[in-house]
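Q: Structure below; questions to follow.
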Amino acid sequence: MQSIIDIKQLSYRYEKDVVLENINLSVEKGAFLAIVGPNGSGKSTLLKLVLGLLKLQKGEIYLFGQEINKFKNWDKIGYVSQKANSFNTGFPATVYEVVASGLTKKLGLLSFFKKEHSEKVLASLDAVGMKKFKDRNIGELSGGQQQRVFIARALVSEPELLILDEPTVGVDAENIKAFYEMLDVLNKNKAITLVMVTHDIGTVSDKVSHVACLNKHLHFHGLTNEFEQMRMEDLSSFYGHDVQMLTHHHEHGGM
Numbered sequence: 026m027q028s029i030i031d032i033k034q035l036s037y038r039y040e041k042d043v044v045l046e047n048i049n050l051s052v053e054k055g056a057f058l059a060i061v062g063p064n065g066s067g068k069s070t071l072l073k074l075v076l077g078l079l080k081l082q083k084g085e086i087y088l089f090g091q092e093i094n095k096f097k098n099w100d101k102i103g104y105v106s107q108k109a110n111s112f113n114t115g116f117p118a119t120v121y122e123v124v125a126s127g128l129t130k131k132l133g134l135l136s137f138f139k140k141e142h143s144e145k146v147l148a149s150l151d152a153v154g155m156k157k158f159k160d161r162n163i164g165e166l167s168g169g170q171q172q173r174v175f176i177a178r179a180l181v182s183e184p185e186l187l188i189l190d191e192p193t194v195g196v197d198a199e200n201i202k203a204f205y206e207m208l209d210v211l212n213k214n215k216a217i218t219l220v221m222v223t224h225d226i227g228t229v230s231d232k233v234s235h236v237a238c239l240n241k242h243l244h245f246h247g248l249t250n251e252f253e254q255m256r257m258e259d260l261s262s263f264y265g266h267d268v269q270m271l272t273h274h275h276e277h278g279g280m
């Protein structure tokens with residue numbers, strides 16, 4: 026299988042604080058990886074390094090087989106940050122306009138928007154179940170609906186890899202299951218490789234193929250069913266606190 030992301034002996038520090046130490050991680054094409062760990066464990070830092078938003082200090086990152094400092098094909102990667110920190114929902118824009126803005130980088134700010142581009146916007150909205158809201162103002166939507174729109178915005182440039190940093194921030198509990206089902210369809214039907222930082226491993230474990238448990242070091246990386254079989258005391262020692270909330274067996278196919 027082709028590796029989409031290869032991380033080798035990666036370490037990173039903020040001044041004197043080591044946040045990541047000797048991380049080795051590989052993500053294969055078609056995987057759905059959940060990265061879990063306590064607050065301050067380096068999860069978001071790891072994503073920023075993979076996205077080139079932070080400069081490598083020690084170690085190597087390869088994207089689609091190419092060293093990150095030589096990688097130019099950023100259109101292959103879509104990114105959805107935590108919505109609350111990244112977008113002013115009072116901005117007077119329709120759902121269609123927000124998604125269309127995802128093509129700006131590829132087309133240029135003043136490029137003429139053609140029919141094919143409009144079709145891509147509508148297809149992206151359709152993929153996340155938001156096509157019927159295309160003319161609605163983004164600020165009128167619920168948190169979960171807004172997050173679906175931001176995913177559509179990331180999808181419009183047709184990425185092969187989609188990276189999500191805690192995408193259920195602002196999504197109410199009753200819609201989280203449907204949200205993850207939508208990600209499952211993107212992964213399986215659209216063949217998009219997904220990497221997601223999440224605290225909802227109990228809810229999403231029947232959708233993800235792999236789990237990485239991070240707390241400065243990479244304590245576990247493997248198949249989801251292997252993660253589910255780990256002893257609670259081992260998980261608790263990785264997290265530094267009790268993690269009984271992570272019990273997540275799905276004999277009945279999920280929630």
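For my numbering, count along the sequence shown from 1 and bump the result up by 25. Glycine is no exception: its CB is placed at the ideal position from the N, C-alpha and C atoms.
1) Specify, as a first and last residue, the run of the beta strand (DSSP E) that residue 59 falls within.
2) Excluding the 5 residues preceding and the 5 following residue 185 in the sequence, name in chain order all residues of the same chain whose CB lies nearer than 6 Å to its CB.
3) Pick helix, strand or coil for residue 183, following the three-state DSSP scheme.
4) Output needed for residue 209: all residues of its chain with C-beta closer than 8 Å, excluding positions within five of it in sequence on either side, in chain order.
5) Looking only at DSSP bridge pairs, what is residue 21 linked to?
6) Apart from the five residues on each side of it in sequence, which residues of its chain come closer than 7 Å, Cβ to Cβ, to residue 201?
7) Counting Cβ pairs, one atom from each stretch, are 3 or more of them under 8 Å apart for the stretch 80-93 and the stretch 240-258?
8) Assign residue 116 to one of three DSSP states: helix, strand, or coil.
9) Using 8 Å as the threshold, is the stretch 235-243 in touch with the stretch 203-217, meaning 3 or more CB pairs across them?
10) Do you know offhand how far residue 246's Cα is from residue 189's?
11) At which residues does the beta strand (DSSP E) containing residue 53 begin and terminate?
12) Measuring alpha carbon to alpha carbon, tell me which residue in 35, 175 and 165 is nearest residue 82.
13) Leaving out the 5 sequence neighbours to the left and right, which residues in its chain are closer than 6 Å to residue 46 when beta-carbon positions are compared?
14) Judging by CA-CA distance, which residue of 235, 198 and 170 is the nearest neighbour of residue 152?
15) Roughly how far, in whole angstroms, is the beta-carbon of residue 163 from the beta-carbon of residue 120, given that I think they are within contact range, below 8 Å?
16) Buried or exposed: residue 278, going by 16 or more other Cβ atoms within 10 Å of its Cβ?
17) Within the continuous beta strand (DSSP E) that includes residue 88, where are the two ends?
18) Just to confirm before moving on: does the CB-CB distance between residue 60 and residue 68 stay below 7 Å?
19) Just how far apart, CA to CA, sit residue 255 and residue 104?
20) Assuming residue 30 contacts residue 44 (C-beta within less than 8 Å), just tell me the rounded distance between them.
A: On the basis of the coordinates in this document:
1) For this step, residue 59 is matched to residue 34 along the sequence shown. Taken as a continuous stretch (DSSP letters only), the beta strand (DSSP E) holding residue 59 covers 57-61.
2) Within the sequence shown, numbered from 1, the residue matching residue 185 stands at position 160. Answer for residue 185: 101, listed in chain order.
3) Taking the sequence shown and counting its residues from 1, the one referred to as residue 183 is at position 158. Reduced to three states, the DSSP call for residue 183 is coil.
4) Reading the sequence shown from its first residue, position 184 is the one you call residue 209. So the list reads 57 and 232, once near-sequence residues are dropped.
5) The structure shown does not extend to residue 21, since the chain spans only 26 to 280, so no value can be given for it.
6) Position 176 of the sequence shown, counted from the start, is the residue given in the question as residue 201. Excluding residues within five positions, the ones whose Cβ falls inside 7 Å are 193, 225 and 228.
7) no
8) Working through the sequence shown from its first residue, we reach residue 116 at position 91. Residue state, collapsed to three classes: coil.
9) no
10) Indexing the sequence shown from 1 puts residue 246 at position 221. Indexing the sequence shown from 1 puts residue 189 at position 164. Near 18 Å, if we compare the C-alpha coordinates of residue 189 and residue 246.
11) If you number the sequence shown from 1, residue 53 lands on position 28. Run containing residue 53: 42-53, per the beta strand (DSSP E) assignment.
12) Your numbering for residue 82 matches position 57 in the sequence shown. The shortest C-alpha separation from residue 82 is found at 35.
13) Here the question's residue 46 lines up with position 21 in the sequence shown. Cβ within range, chain order: 36, 241 and 242.
14) The count along the sequence shown starts at 1 and reaches residue 152 at position 127. Minimum Cα distance to residue 152 is reached at 170.
15) Reading the sequence shown from its first residue, position 138 is the one you call residue 163. Reading the sequence shown from its first residue, position 95 is the one you call residue 120. With a Cβ gap of about 6 Å, residue 163 and residue 120 count as contacting.
16) For the purposes of this step, residue 278 is taken as residue 253 along the sequence shown, with counting starting at 1. Confidence is the limiting factor: at residue 278 the pLDDT is only 36, short of 50, which leaves the residue's position unreliable and the question unanswerable from this model.
17) Within the sequence shown, residue 88 is the residue found at index 63, counting from 1. It spans 83-88 - the beta strand (DSSP E) in which residue 88 sits, taken as one unbroken run.
18) As a working mapping, residue 60 is identified with position 35 in the sequence shown. As a working mapping, residue 68 is identified with position 43 in the sequence shown. Contact flag set, yes.
19) Mapped onto the sequence shown, residue 255 falls at position 230. Mapped onto the sequence shown, residue 104 falls at position 79. In a straight line, the C-alpha of residue 255 is about 30 Å away from that of residue 104.
20) For the purposes of this step, residue 30 is identified with residue 5 of the sequence shown, where counting begins at 1. For the purposes of this step, residue 44 is identified with residue 19 of the sequence shown, where counting begins at 1. The pair is not a contact, with the Cβ atoms about 18 Å apart (cut-off 8 Å).
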